[in-house]
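Report on the structure given below.
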Amino acid sequence: MPQQKELENPGSKFSEVLEAAAKLPGVRINRGAYLRNALKRYCTEDQIERAIAESPAAAGVPLKVITDVANTSVTYETTKVTGISTLAGIPGGLAMLGTVPADMAQYVGHMLRIAQKLAYIYGWPDLFGDASEEMDEATEGILTLFVGVMVGVQVAQGGVAKVAGMIAANVAKKLPQKALTKGVIYPVVKKVAGYLGVGMTKKLFANGIAKAIPVVGAVLSGGLSLGTFLPMSKRLQKHLASLELTKPGHRGDADVVDVEVIEDDDTDLECSLPNDVVPADDEAVTS
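If you're matching positions, the sequence shown starts at 211 in the numbering used here and goes up one per residue.
Here you go:
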């Protein structure tokens, strides 16, 4: 029994931080408002409406536009998280971010923000739904996998790819609840949550050390955010860009059944991204 408890604790620890982060103001992104704001400079009104109703790929939005929008969102969120993290690293700085757990929730909150934006521009359905609703198990599961991809947990890539395939084949407007909560994806979610729970403890320790050093702690905290958030966001962007949902002809007619997830999937994902990233405030109305 003690061994079982030890195995479960890392995953439950990450779930607690994920839930806390999802409740922070501004973390939940309104899918329709984000797509409308992000695409308005590139697309017609008809294209935007179809992108919201279905997906940017289904609306015929060029891949270059999708990539540009994704790059802009990554740049915006990286700038924002770096600035806030630096302030949080100053003892007596932002009161609400004055403790290490609060700083972790704030950091994960930004990870959830960019994960939602990238998911929506790359064809995923609404992850949260009504702003007043609690985060359901399926949403918690896919966000866990997204964060896993961001931090380099290889098994998370296979899980995200399988869920994307299910959504694409069914032309679904919601996440596959069964697969993420009871089906073949669920064990992968639990495994990734365990990895993240262990890794989170190490990051908390690192941030605690940084904050113990006045002023210098602020530099370390901000530098840590810049050095980790940007490559993590790019890793998720690269993976989502490679999936079936991004392709214009992603629709299918056959029903999808649960399929086996290959846990040691280490496929080399190829995606050419432009090097020029133009910073812009792409903030959308949040729910």
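Cβ coordinates follow ideal geometry from the N, Cα and C atoms, glycine included.
Which stretch, first to last residue, makes up the alpha helix (DSSP H) that contains E350?
One-based indexing of the sequence shown puts residue 350 at position 140. Start and end: E347 to V361.
Buried or exposed for E344, please, with buried defined as at least 16 other CB atoms from any protein chain shown within 10 angstroms of its CB.
Taking the sequence shown and counting its residues from 1, one reaches residue 344 at position 134. Result: exposed.
In this structure, does DSSP put I331 in helix, strand or coil?
On the sequence shown, residue 331 is found 121 positions in, with the first residue counted as 1. The answer is helix: DSSP assigns I331 an H, G or I state.
Taking A269 as the reference, which of I324, D278 and C253 has the closest Cα?
Within the sequence shown, residue 269 is the residue found at index 59, counting from 1. If we check each option's Cα against that of A269, C253 comes out closest.
Exposed or buried, L228, counting other C-beta atoms within 10 Å across all chains shown (16 or more means buried)?
The sequence position of residue 228 within the sequence shown is 18, counting from 1. L228 is buried by the Cβ-count criterion.
State the DSSP-derived secondary structure class of I239, mapped to helix, strand or coil.
Counted from its first residue, the sequence shown places residue 239 at position 29. In the structure shown, I239 sits in a strand (DSSP, three-state: E or B).
When we look at the beta-carbon of R251 and count the other beta-carbons within 10 Å, is it buried (16 or more) or exposed?
The count along the sequence shown starts at 1 and reaches residue 251 at position 41. R251 comes out exposed.
On a CA-only basis, which of S283, T288, L273 and V318 is nearest A231? Give me that one, please.
As a working mapping, residue 231 is identified with position 21 in the sequence shown. Answer by Cα proximity: V318.
Mapping the DSSP letters down to three states, classify R251 as helix, strand or coil.
As a first step, residue 251 must be located in the sequence shown, where it is residue number 41. Coil at R251, not helix or strand.
For the alpha helix (DSSP H) holding G393, just list the boundary residues, first then last.
Within the sequence shown, residue 393 is the residue found at index 183, counting from 1. Here G393 belongs to no alpha helix (DSSP H), and DSSP marks it neither H nor E.
My understanding is that L322 touches A374, with C-beta atoms under 8 angstroms, so please give their C-beta distance in whole angstroms.
Position 112 of the sequence shown holds residue 322. Position 164 of the sequence shown holds residue 374. Actually they do not touch by this definition, with Cβ atoms about 18 angstroms apart.
For K383, collect the residues of the same chain with a Cβ closer than 7 angstroms to its Cβ; drop the 5 residues on either side in sequence, then sort them by chain order.
Residue mapping note: residue 383 aligns to position 173 of the sequence shown, counting from 1. Excluding positions up to five away in sequence, the list reads P335.
Report the CB separation of A315 from L446 in whole angstroms; it is logged as a contact under 8 angstroms.
Position 105 of the sequence shown, counted from the first residue, corresponds to residue 315. Position 236 of the sequence shown, counted from the first residue, corresponds to residue 446. At roughly 19 angstroms, the Cβ-Cβ gap does not stay under 8 angstroms, so A315 and L446 are not in contact.
Report the rounded CA-to-CA distance for V370 versus F356, giving the unit in angstroms.
By 1-based counting over the sequence shown, the position of residue 370 is 160. By 1-based counting over the sequence shown, the position of residue 356 is 146. Taking the straight line from one Cα to the other gives about 7 angstroms.
If you compare alpha carbons, which of I377, K392 and L353 is closest to V402?
Taking the sequence shown and counting its residues from 1, the one referred to as residue 402 is at position 192. When each option's Cα is compared against that of V402, the closest is L353.
Assuming I262 contacts G242 under a Cβ cut-off of 8 angstroms, what Cβ separation, rounded to an integer in Å, is found between them?
Counted from its first residue, the sequence shown places residue 262 at position 52. Counted from its first residue, the sequence shown places residue 242 at position 32. Confirmed, about 5 angstroms.
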